Amino acid sequence: MIYDNIVIGSGISALGCVVGLLESNKKVLCIDGSDNTLESFKNINNEEIVFDNDNLPLKKNSITAKFVNQFDPIELQNYPSFGGLSNIWGAKCLRLFKNQFDEWPISYDEIAKYYETCEKIMNVSHYNDELSKKLGVNENIIDDSKIKLYSSFIKNFIKQKKTPVDFNIGLARLALDSKCYKCGNCFFGCPDNYIFDTKEYFNNLINKKKIEYKKNLILERFILKDSVIELKFKNSQETKIFAKKLFIGAGPIQTSNIIMNSMNKESDLNLAESQNYFVPCFYYGKNFDSNINNQTAGDAEIISNKNIKHDIGQLYFSIKYDQKLLKMVLKKKLGFLYNLIPNFLIKRIFITAGLINSNHSTYRAIIKKEDLSLHVIRDYEKEKKLKIEVFKQLNLLGKNYNFFAVNLLSKFCKFGRSFRLGCSVPMLNEDEIKKNKNNNLYTKKNGEVSKFKNVYIIDSSNFKNIPAGDISLTIMANALRIAIENKND
Ligand SMILES: Cc1cc2nc3c(=O)[nH]c(=O)nc-3n(C[C@H](O)[C@H](O)[C@H](O)COP(=O)(O)OP(=O)(O)OC[C@H]3O[C@@H](n4cnc5c(N)ncnc54)[C@H](O)[C@@H]3O)c2cc1C
Ligand code: SF4
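Each position in the sequence shown, counted from 1, maps to that position plus 533 in our numbering.
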């Protein structure tokens, strides 16, 4: 069977792409490697969590339940599931700032209209705050009605800014339905599905027969044959499916593997990550609301505009106030010692979760052509600089926002743990393509892979770098852009 457009995956990138392709009248087939459906994700005990080997938690659901005691972040990202990582993500959807596109062939202005469409699909609101001003968001899409869904702690925290320091601060932009009733359970999974994931949207498209969907087909490689692309599956040799255009959104590791297999393992590929760090902080401010049962996934976002000691680019800090989760993690880490900490102290602890641009992160990886194994490389010099800069910036932030960071208990995560990977087949601009003497693999601005006509990458594998911040909204907007630019012959 020959299809006009085939999309691989059912995550956020695949959804953005499908929405764009549906603007043409051509048939879209969506193929996912998992055998689960919307139904198989329901009725899961959402009070459980799993930990990685650094005792960092993740909610338990059909994906993570596979890992009984401890999850491995890389293995988890390789595991196919209907909805992909949108089943367990934090649903934070801030756009990237204009300067974060500096190295990319696309600009903020080119992608802004796609951001708007994706924000509507995912129920993301903009607020009348410093972040919207910095982003230059159209005033007609600003809607403050969801501010009531953020905890008093977060709202009060933001208000404290004393002087115009070199940070931009505001409420996290959340993919959250306004029907949310603030039960504080977000991390464990919303019982009413008010946190956006892609499954419901895909299910509607499938039921209304707007797209064709095939599950349980794991794409291993593709072969270019005359004017069509033949798909070869790992778990079904007999299935014969051909595409005129193929859009791959299998997530950064699987997409890279599919491309490498299709190149007959001709060369290694690089993989970059925006590294995650967690620093517990103690709040000593006066305006403290201890109503801890009245919160959502809502964080405060802080983006630094200036380095203090080391020139390592923008840092991103997310202020997370989630007492239920914090208590579970402290119990796991401290064992019986946990009982010795008085509750009034615990109530004042929040976690700062940060990210740094992949260009400056401590780790990078090479996917080896021989066996597709990941070879992780650690840069100790970068690690030292990152730690110094993070602690200095937190110290400055603390003075403005009435907290101190407990640096000794900080955790700078290993490769893979931020789940924000990519850049294996980066999007190059015209100049870089001309200078590409070694004929390295890249994607063109329209998403097409340099060595494969009509094969497009739609996930973060085509990013130029992984910026310090949340990337899923940008992944989706970019996938939508690629689909719209390529929907016709
Ligand atoms: C705990 C956690 C919290 C996060 N929080 C945030 C956040 O708050 N904000 C944010 O922006 N981002 C967040 N992220 C990152 C975000 O989830 C990902 O960037 C995003 O979901 C990636 O979407 P994707 O479509 O590119 O890939 P995926 O979600 O990985 O989807 C890949 C899809 O491809 C399918 N697939 C894989 N291999 C094959 C194959 N060989 N053949 C066929 N199908 C295949 C899979 O089944 C899956 O459906 C978080 C991630 C995690 C794990
Ligand atoms: S707080 Fe979170 S879990 Fe509770 S209703 Fe709102 S979205 Fe759902």
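Think of the CB as a built atom: it goes at the ideal place given N, C-alpha and C, for glycine as much as any other residue.
Keep in mind the model is a prediction, meaning the values are calculated, not measured.
Count the C-beta pairs between the region 681-695 and the region 630-639 that are closer than 8 Å, then say yes if the count reaches three, no if not. no
Quick one: is the Cβ of C723 within less than 7 Å of any heavy atom of ligand 2? Position 190 of the sequence shown, counted from the start, is the residue given in the question as residue 723. True, at least one ligand heavy atom lies under 7 Å from that Cβ.
Considering only C-alpha positions, which residue in the set Y989, G703 and Y913 is nearest to F850? Taking the first residue of the sequence shown as position 1, residue 850 is located at position 317. Of the listed residues, the one whose Cα sits closest to F850 is G703.
Under the DSSP definition of a beta bridge, which residues are partnered with T976? Locating residue 976 in the sequence shown gives position 443, where the first residue counts as 1. Looking at the DSSP assignment, T976 forms a beta bridge with M960 and V982.
Report the rounded CA-to-CA distance for L1006 versus N998, giving the unit in angstroms. Here residue 1006 corresponds to residue number 473 of the sequence shown, with the count starting at 1. Here residue 998 corresponds to residue number 465 of the sequence shown, with the count starting at 1. One C-alpha to the other measures close to 15 Å.
Name the two residues that bound the continuous beta strand (DSSP E) containing S837. Here residue 837 corresponds to residue number 304 of the sequence shown, with the count starting at 1. First-last of the beta strand (DSSP E) with S837: A833 to S837.
Assign V812 to one of two classes, buried (16 or more other C-beta atoms within 10 Å of its C-beta) or exposed (fewer than that). As a working note, residue 812 is residue 279 in the sequence shown. Per the 10 Å Cβ criterion, buried.
Where K778 and L942 are concerned, what is the direct C-alpha to C-alpha distance, given to the nearest angstrom? Indexing the sequence shown from 1 puts residue 778 at position 245. Indexing the sequence shown from 1 puts residue 942 at position 409. Computed Cα separation, rounded: 49 Å.
Between which two residues does the beta strand (DSSP E) harbouring C563 extend? Here residue 563 is taken as the residue at index 30 of the sequence shown, counted from 1. V561 to I564 is the span of the beta strand (DSSP E), which, as asked, contains C563.
I'd like the ranges of any alpha helix (DSSP H) spanning at least 4 consecutive residues and lying wholly in the region 748-783. none
Unbroken beta strand (DSSP E) run spanning K918, endpoints: As a first step, residue 918 is located in the sequence shown; it is residue number 385 there, counting from the start. First-last for K918: Y913 to Y934, but that is the alpha helix (DSSP H), not the beta strand (DSSP E).
Roughly how many angstroms separate the alpha carbons of N928 and S951, rounded to a whole number? For this step, residue 928 is matched to residue 395 along the sequence shown. For this step, residue 951 is matched to residue 418 along the sequence shown. The straight-line gap from Cα to Cα measures roughly 23 Å.
Taking only three categories from DSSP, how would you classify K853? Your numbering for residue 853 matches position 320 in the sequence shown. If DSSP states are grouped into helix, strand and coil, K853 belongs with the strands.
I841 and E922 closer than 8 Å at C-beta: Numbered from its first residue, the sequence shown carries residue 841 at position 308. Numbered from its first residue, the sequence shown carries residue 922 at position 389. It is a contact, given that the beta carbons lie within the stated cut-off.
Within 7 Å: the Cβ of S665 and any heavy atom of ligand 1? Within the sequence shown, the letter at position 132 stands for residue 665. Because no heavy atom of ligand 1 lies under 7 Å away, the Cβ of S665 does not count as near it: no.
Are three or more beta carbon pairs between the region 980-995 and the region 542-555 nearer than 8 Å? yes
Where in the region 574-647 do unbroken runs of the beta strand (DSSP E), each at least 3 residues long, occur, reported from the N-terminal end onward? 582-584 and 590-592
Check whether the Cβ atoms of Y536 and L562 lie closer than 8 Å to each other. As a first step, residue 536 is located in the sequence shown; it is residue number 3 there, counting from the start. As a first step, residue 562 is located in the sequence shown; it is residue number 29 there, counting from the start. Yes, the Cβ-Cβ distance between Y536 and L562 is below 8 Å.
Three-state secondary structure assigned by DSSP to V670: Translated into positions along the sequence shown, residue 670 becomes position 137. Looking at V670 - three-state DSSP - the assignment turns out to be coil, as it is neither helix nor strand.
For N656 versus A708, is the C-beta distance shorter than 8 Å? Indexing the sequence shown from 1 puts residue 656 at position 123. Indexing the sequence shown from 1 puts residue 708 at position 175. Taking 8 Å as the Cβ cut-off, N656 and A708 qualify as a contacting pair.
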